[in-house]
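Novice: A single structure is presented below for examination.
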Amino acid sequence: MAELILRSLPYQRDSSALIRRIAALPGAACLDSGLGSQLEGRYDILTSLPSRQLRLRPGGAPSDDIEQRWHDDAAWRAVPGQSCIFAAAETLLLQDAPDSESLNQLSELPFCGGVIACFGYESAANSPAQSLGTELTGMLRQTPVATCGLYQWAVIVDHQCQTTVLFVLPDCPEQIRHQVLRSIAGNGTVSQPAERGFSLVSAFQAQLSPAQYEAAFDRLKSYIVAGDCYQANLAIAFVARYQGDPVHAYLRLRQGSRSPFSAFFDSGDAQVLSLSPERFVSVRDRQVVTQPIKGTRKRSSNPVTDKQLSDELQASEKDRAENLMIVDLLRNDLGSVCEIGSVRTRDLFKLHSFSQVHHLISTVTGTLPADVSPLTLLRQCFPGGSITGAPKIRAMEIIAELEPLPRAVYCGSIVYCDYRGRMDSNISIRTLLCRQDHIFCWGGGGIVADSDMAREYQEAHDKVSALLELVSARTDLQG
């Protein structure tokens with residue numbers, strides 16, 4: 012067996028060069044802290060070339076076969092006996108655990124190899140299907156609902172200690188090992204691939220007009236009045252056509268909209284560009300943390316106005332009430348899995364200011380039982396309550412009725428779970444999907460009984476306006 016490779020590389024505060032190089036290899040998964048930004052934005056975890064991949068097949072549902080392929084075989088083949096992508100990911104992780112000596116040498120790193128996955132919103136076993144059929148709907152339905160890779164090497168950038176480390180596990184296939192080492196120049200710097208750029212060939216178009224949004228909003232309010240739900244998230248999809256390499260769009264976005272749970276994920280069928288500010292659920296030493304976002308105000312370049320907006324958000328009874336509804340939902344989700352009596356609310360309505368928006372974020376914690384895996388916890392809580400509503404199942408049914416397109420990656424989660432059982436994940440909001448020369452982006456918000464239609468419509472646009480402007484602003488977008 013080969014030995015563990017553990018090598019220091021020169022630290023650079025901006026990981027763009029590393030991301031560009033690693034994303035040029037198949038199956039890239041770049042988990043990006045937004046240049047060491049807020050909310051524990053300390054580490055970048057950058058990798059590609061998965062040893063094995065799983066996917067929930069295009070057009071499928073969680074009851075359909077899971078497919079897999081190996082690094083040296085491009086063909087996808089059914090996995091007998093597997094009907095759940097979360098369980099299949101856990102099986103993949105357990106089958107290929109490295110020796111304890113290697114894990115001990117990597118104990119200071121946040122990720123020591125394991126599974127990195129992009130679970131689309133429709134990965135949930137109880138996810139209803141949209142009833143409408145359009146060309147764009149068909150395109151999204153042919154995109155894998157979820158893709159998961161087993162990664163046995165990574166570059167870890169620690170922005171707090173200002174270090175960069177490359178590791179390659181002993182069991183990493185020799186072909187991947189050689190390709191990784193060839194990709195790193197002898198002095199530890201990363202050579203750059205040829206620039207392809209990125210540009211839009213059509214403008215973004217909202218898939219719900221103001222009149223259509225108003226009709227959906229009114230229908231949702233009628234469900235709330237009838238008692239079907241207390242809150243539900245209503246989203247608008249924006250679609251444009253593009254040419255070029257999506258990683259260059261991602262690099263531009265991360266410079267202009269730094270977020271602590273960002274990611275670039277390439278499934279081969281599609282590329283995901285996530286600038287998420289929201290943690291879904293994390294596990295470390297069996298301690299569980301979830302941090303839902305509810306409450307948003309767009310930031311202002313004028314410091315006085317910006318302070319007024321943040322003060323307004325903190326004082327808003329409506330936003331605090333919405334946040335509390337989701338905290339209660341997530342306490343219930345965690346309580347169904349965590350040790351009895353361990354679930355606690357640590358912070359309520361704490362203000363966090365990001366580059367483009369102010370948010371209210373709460374923190375709920377719990378303790379995972381020794382016989383429950385992190386991926387089982389993720390499965391039980393998926394999708395996140397902050398982007399569905401309460402009660403969750405009925406809210407999801409209403410969302411499927413009112414939104415014309417599948418959500419795909421939007422409001423799903425990009426996740427890592429390593430061999431030690433350490434896991435972290437985002438809620439894939441502020442997230443774009445590139446597929447067949449189309450680029451999709453979604454923006455939405457929670458609707459409650461006293462919501463105002465015009466304000467909610469504007470908030471949905473505010474949440475993504477900066478992203479759409481960054482992608483649209485230049486005809487030749489390069490990182």
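Basically this note's numbering = 1-based index in the sequence shown + 11. Note that beta-carbon positions come from the ideal geometry of N, C-alpha and C, so glycine has one too. Small disclaimer: the values here were computed from a predicted structure and weren't measured.
(1) Where are the beta strand (DSSP E) runs, 3 residues long or more, that stay fully inside the segment 225–313, in chain order?
(2) Helix, strand or coil: which one does DSSP assign to G3?
(3) Using three-state DSSP, classify G400 as helix, strand or coil.
(4) Using a 10 Å radius around the Cβ and a threshold of 16 neighbouring Cβ atoms, would you call G197 buried or exposed?
(5) Hey, could you find the ends of the alpha helix (DSSP H) D339 is sitting in?
(6) Would you say S476 and S285 are within 8 Å of each other, going by their C-beta atoms?
(7) Can you list, in chain order, the residues of its chain with a C-beta nearer than 8 Å to that of C240? Leave out the 5 residues immediately preceding and following it.
(8) With a threshold of 7 Å on Cβ separation, who are the neighbours of S220 within its own chain once the five nearest residues in sequence on each side are excluded?
(9) Measuring CA to CA, which of L362, S59 and L479 is closest to R252?
(10) Which two residues bound the contiguous beta strand (DSSP E) that contains F97?
(11) If contact is defined by three or more beta carbon pairs under 8 Å, each pair taking one atom from either stretch, is the segment 435–455 in contact with the segment 337–351?
(12) Does DSSP classify T154 as helix, strand or coil?
(13) Specify the secondary structure class of L362 as computed by DSSP and reduced to three states.
(14) Taking the alpha-carbon of G125 as reference, which of E412, A89, L60 and P380 has the nearest alpha-carbon?
(15) Determine whether the beta carbon atoms of Y22 and R418 lie at a separation below 8 Å.
(16) Starting from D473, follow the beta strand (DSSP E) in both directions and report where the run begins and ends.
(17) Would you identify the three-state DSSP class for A13, choosing helix, strand or coil?
(18) Kindly confirm or deny that the segment 85–94 and the segment 310–319 touch, where touching means at least three C-beta pairs closer than 8 Å.
(19) Counting C-beta neighbours from all protein chains within 10 Å, is the total for I351 16 or more, i.e. buried, or is it exposed?
(20) If I measure Cβ to Cβ from A100 and keep anything under 8 Å in the same chain, skipping five residues before and after, which residues do I get?
(21) Could you tell me the distance, in whole angstroms, from the CA atom of H472 to the CA atom of G455?
(22) Say whether the segment 296–304 touches the segment 378–392, bearing in mind that this needs 3 or more beta-carbon pairs closer than 8 Å, one atom from each stretch.
(23) Using the rule of at least 16 other Cβ atoms within 10 Å of the residue's Cβ for burial, across every protein chain shown, is E470 buried or exposed?
(24) Measuring alpha carbon to alpha carbon, tell me which residue in L117, S483, L67 and S462 is nearest R230.
(25) Suppose you measure from the CA of S347 to the CA of C392; what does that come to, to the nearest Å?
Specialist: Short version:
(1) Runs of the beta strand (DSSP E) inside the segment 225–313: 242–255, 272–277, 282–287, 293–295, 298–301 and 304–309.
(2) Because the chain spans 12 through 490 in this model, residue 3 falls outside it and cannot be assessed.
(3) Of the three classes helix, strand and coil, the one that applies to G400 here is strand, per DSSP.
(4) Bear in mind that a pLDDT of 48 at G197, under 50, signals an unreliable position, so the model cannot answer this.
(5) From DSSP, the alpha helix (DSSP H) with D339 extends over E328 to G346.
(6) The Cβ-Cβ distance between S476 and S285 does not fall below 8 Å.
(7) Here C240 has Y234, G400, A401, P402, R405, A406 and I409 as same chain residues with Cβ atoms under 8 Å from its own Cβ, once five neighbours each way along the sequence are excluded.
(8) Leaving aside the five residues that flank S220 on each side, none in its chain has a CB nearer than 7 Å to its CB.
(9) Here the closest residue by C-alpha is L479.
(10) For F97, there is no enclosing beta strand (DSSP E); the enclosing alpha helix (DSSP H) has its first and last residue at I96 to Q106.
(11) No, the segment 337–351 is not in contact with the segment 435–455.
(12) Note: T154 maps to coil in three-state DSSP.
(13) Annotated three-state conformation of L362 is strand, per DSSP.
(14) Nearest of E412, A89, L60 and P380 to G125, Cα basis: L60.
(15) At least 8 Å separates the beta-carbon of Y22 from that of R418.
(16) Looking at the DSSP string, D473 is not in any beta strand (DSSP E); the run it does join, the alpha helix (DSSP H), is M464 to S483.
(17) If DSSP states are grouped into helix, strand and coil, A13 belongs with coil.
(18) The segment 85–94, when compared against the segment 310–319, does not touch it at the 8 Å Cβ threshold.
(19) I351 should be labelled exposed.
(20) Same-chain partners within the cutoff: L65, V126, A128, C159, L386 and C428.
(21) Each residue's Cα considered, the two are about 8 Å apart.
(22) Touching, yes, given that three or more Cβ pairs across the two stretches are closer than 8 Å.
(23) Buried, by the Cβ-count rule.
(24) With distances taken between CA atoms, R230 lies nearest to S462 out of L117, S483, L67 and S462.
(25) For S347 and C392, the distance between alpha carbons rounds to 9 Å.
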